[in-house]
Amino acid sequence: MPNPRILILNCYSDNHRRARGTPWIMPQSIAPAVLAGMLDPARVDIRLACEFRSGPFEDLGALQWAELLVLTGLNPAFDRMKQVTAYARTVNPGIVVAMGGPLARMLPNLSRRYFDYVCGDDVEQVVTVVDDVFGPGHAAERPIPRHDLFPGSRIIGYAEASRNCNFRCNFCAMTAEDREFVTYDLDGVRRQIEALGYRQCIMFLDQNFFGGPRAHFKARLALLKELYEQRKFGGWAALVTADFFTNADNLSLARASGCIGFFSGVESFSRAQISAFNKKQNLVLPQEEIIRSCLDAGLVFHYGLIFDLVEQRIDDLLAETDFIVGNPRITLPSFLGFAIPLLGTPLFDRRLREGQFLPNVRLRDMDGRSLVCHPEDSLEKAVAFAARMDKGLISKRKLAAHAWQFFRRYRATLSKWGLVSGLGNAWAMSYPRFGSNGRDGIRPGREGCRSYLASSEPLGSLYRPRIRIAEAYRGHFEPLCVTDPDGQLHHELIDDADSLLPQSLAATRAETMTIPPYNAIAMLKHAQLPGLSDDRKRACQETTG
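Residue 64 in the UniProt record's numbering sits at position 64 of the sequence shown, and the numbers go up by one each step.
Right, here's the structure in full:
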């Protein structure tokens, strides 16, 4: 019997209206490789694709080839998952579609309208889906990410040493999911690194590399030191929370194990705003002191700034950026963005309860560059500020001066790669449209100019079908609305209020009609396969009449 044919796709809606891939942006997603690694390579035929890296997936041949399509992606990717599903079912009516990721957990009921399987658990659930569709026996004996199925690189490799986060910032998707922090065993981390082959830098994609018992953290550093001395990699980097920097020994141990730098969520230099974000870990030391201590230890420091125009004045934000660019002892931010009230987060709940959402907000608008809430300043001033962010908020002259002074100060302290990485932020701040920030891309105006205001932003070319689509799937290209014309929760999301809102509000949710799955053809086809329960077979047959 031939192996099942499985296509795993990481969906992504680029901020550029002329959608394109961003292979030069770091970090890249490894979700498809991790999912594929859960399956026995001898028992399945797998293809991987990532829209963040390669741009919109348009390989209709691959969709015709696949028997099972597995979709994953972050919150804004929900619309894109629907679109790919429409393409898949148009060219391959028998295909089974499974989706996972944050919105599978936040919007389980809505998701079941579009996808055959809605995977709300961790990545291991992909084995359950494959066994349910094709019969048992497809689990890998020792799961290992299938990086071999992606284009190789001798520069950057990706690994994970833990899962989830032990802090609860009010805007973070991890807080919405409220999952327990879990560390991986050291043998698994070793296998990941050795399977990559030599890389100039191993980038750990943990939500908090410093999380968990301190003994576990030191054991990870001891392992990395061993592998570094064996020249398994040229260096490593990771995301850590601010409490990491309270002990200077952590920096020494990290550098001795081959670390070249860290990313940490600074978000703001205002203690009041940090408290509003519920980032308690960022109150242990002044932000500037943390950055300087890291750089002085010979490790580059990356961070982002998050602007909350609902609670912060624009003049204060401009003063903050002036302070940063005038201080060559710290790095420039790697990115700037607005606080996004992601579905299911405390920030989402608060904005909704306080009536702060603008009307007709679409999930597509929640990209960190569009205004989705009423600002403290006038709407006109806020829109102008958002436009400046897309063009470059800080003057190029000031950025160049900062870069030169930063270079002179740290050229003898940072490694070659660390120095290049730190100076790269000056380019990112000067030309944000070359990154993943500007929806207009390099050549603005092709799909209508941006308004920077939710509901009036152009959707972009992804929302126009590239091929003739059956009428049943036309709705897959409609954007998901988050709020209605009154700025309240949109009726399509009411049935998922249990996931999105506290129980006190969810208890008042309205009843909504249950819509049967679209893909009855595929369900009937696979009702004949082993591993499908009798109840599911009957359900499939009843759905298809």
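Where a beta carbon is used, it is the ideal one built from N, C-alpha and C, also for glycine. This structure is a prediction, so every number in the text was calculated from the model and none was measured.
Q) First and last residue of the alpha helix (DSSP H) that includes V420? A) K416 to S430 is the extent of the alpha helix (DSSP H) around V420.
Q. Rounded to the nearest angstrom, how far is the Cβ of G344 from that of S111, given a contact under 8 Å?
A. Not really, about 13 Å apart at Cβ, beyond 8 Å.
(Q) Does F323 pass the burial test, meaning 16 or more other C-beta atoms within 10 Å, or should it be called exposed? (A) F323 is exposed by the Cβ-count criterion.
Q | Span of the alpha helix (DSSP H) around A373 | A | Checking the displayed sequence, the identity of residue 373 turns out to be Cys instead of Ala. Looking at the DSSP string, C373 is not in any alpha helix (DSSP H), and its letter there is neither H nor E.
**Q.** Sequence-distant residues of the same chain with beta carbon closer than 6 Å to P4, five excluded per side
**A.** Cβ neighbours of P4 beyond the five flanking positions: V44, E67 and F134.
(Q) Measuring straight from C-alpha to C-alpha, what distance separates P479 and S456? (A) For P479 and S456, the distance between alpha carbons rounds to 12 Å.
Q: Closer than 7 Å by C-beta to Q83: which residues in its own chain qualify, once you throw out the five before and the five after it? Chain order, please.
A: For Q83, where only same-chain residues beyond five positions count, the Cβ hits under 7 Å are L462, H476 and F477.
Q: Could you tell me whether the stretch 168 to 185 touches the stretch 227 to 237, using the rule of 3 or more Cβ pairs below 8 Å?
A: No: fewer than three Cβ pairs fall under 8 Å.
**Q.** C294, DSSP secondary structure in three states
**A.** Helix at C294.
Q: Entirely within the stretch 185 to 238 and at least 3 residues each: give me those beta strand (DSSP E) ranges in chain order.
A: Runs of the beta strand (DSSP E) lying entirely within the stretch 185 to 238, each at least 3 residues long, are 201 to 204 in chain order.
Q: Would you mind reading off the limits of the beta strand (DSSP E) that contains D308?
A: Careful: D308 lies outside any beta strand (DSSP E) and carries neither H nor E.
(Q) Among the candidates S54, L379 and R47, whose CA atom is the shortest distance from the CA of A62? (A) The residue with the shortest Cα to Cα distance from A62 is R47.
Q: Just list the alpha helix (DSSP H) runs in the stretch 57 to 97, keeping only unbroken ones of 4 residues or longer that don't cross its boundaries, in chain order.
A: Here the runs fully enclosed are 60 to 65 and 78 to 91.
Q. What does a CB cutoff of less than 8 Å around R199 pick up in its chain, not counting 5 residues either side in sequence?
A. For R199, where only same-chain residues beyond five positions count, the Cβ hits under 8 Å are S153, R154, I155, I156, G157, F233 and G234.
Q.
Using the three-state DSSP reduction, which class does F109 fall into: helix, strand or coil?
A. First, the amino acid is wrong: residue 109 is Asn here, not Phe. If DSSP states are grouped into helix, strand and coil, N109 belongs with the helices.
Q: State the Cα-Cα distance for the pair V118 and F244, rounded to the nearest angstrom.
A: Whole-angstrom Cα-Cα distance: 36 Å.
**Q.** Beta-carbon proximity list for residue 561, same chain, < 6 Å, skipping 5 on both sides
**A.** Since the displayed the chain opens at 1 and closes at 545, residue 561 lies outside it and no answer follows.
Q.
Do A454 and V372 have their beta-carbon atoms positioned less than 8 Å apart in this structure?
A. Yes; because the gap between Cβ atoms is below 8 Å, this pair is in contact.
Q. Counting contacts by CB-CB distance shorter than 8 Å, is R409 in contact with chain B?
A. Reference to chain B is not applicable here, since this structure consists of a single protein chain.
(Q) Going by DSSP, what residue range makes up the alpha helix (DSSP H) through D316? (A) Segment I314 to V325, the alpha helix (DSSP H) holding D316.
Q) Can you name, in chain order, every residue of its own chain whose Cβ lies under 8 Å from the Cβ of D316, other than the five neighbours on each side? A) Excluding positions up to five away in sequence, the list reads S270.
Q. Taking C-beta to C-beta, are A242 and L299 nearer than 8 Å?
A. Against a cut-off of 8 Å, the Cβ pair of L299 and A242 comes out as no contact.
Q: Please report the Cβ distance between K396 and S430, rounded to the nearest whole angstrom; I am assuming they are in contact, meaning their Cβ atoms lie under 8 Å.
A: Contact holds; Cβ gap of about 5 Å.
Q. What residues match up with F244 in a beta bridge as DSSP calls it?
A. In the DSSP output, where bridge partners are listed per residue, F244 has none listed.
Q.
By the three-class DSSP mapping on this structure, what secondary structure does G55 have?
A. G55: coil per DSSP, three-state reduction.
Q. When you compare only the Cα positions, how much space is there between A297 and L251?
A. The C-alpha of A297 lies about 7 Å from the C-alpha of L251.
Q: Please report the Cβ distance between H402 and A426, rounded to the nearest whole angstrom; I am assuming they are in contact, meaning their Cβ atoms lie under 8 Å.
A: About 7 Å; that satisfies the 8 Å criterion.
Q | Where the beta strand (DSSP E) containing E36 begins and where it ends | A | Glu is not the amino acid found at residue 36; the sequence shown has Ala there. Element bounds for A36: not the beta strand (DSSP E) but the alpha helix (DSSP H), A31 to G37.
Q | For E492 and P485, the rounded distance between their alpha carbons | A | Roughly 13 Å separates the two Cα atoms.
(Q) Relative to the C-alpha of G55, which candidate in Y12, V34 and V70 has its C-alpha closest? (A) In terms of Cα proximity to G55, the closest of Y12, V34 and V70 is Y12.
**Q.** Reference R388, options S421, Q356 and P432, closest by Cα
**A.** Nearest C-alpha to R388: P432.
(Q) Less than 7 Å between C-beta atoms, sequence neighbours within five positions excluded: which residues of the same chain meet that for P145? (A) Cβ neighbours of P145 beyond the five flanking positions: I30, A33, V34, G37 and Q192.
Q.
Let's test the definition: count the other Cβ atoms within 10 Å of the Cβ of S275 and tell me whether it reaches 16, buried, or not, exposed.
A. Answer is exposed; the Cβ neighbour count stays below 16.
Q. For D377, which three-state DSSP category applies?
A. Three-state result, D377: coil.
**Q.** Simplified DSSP state of V300, which is helix, strand or coil
**A.** Per DSSP, reduced to three states, the secondary structure at V300 is strand.
Q | A506 - DSSP class collapsed to helix/strand/coil | A | Because the pLDDT of A506 is 42, which lies under 50, any placement of that residue in the model is unreliable, and the question is left without a value.
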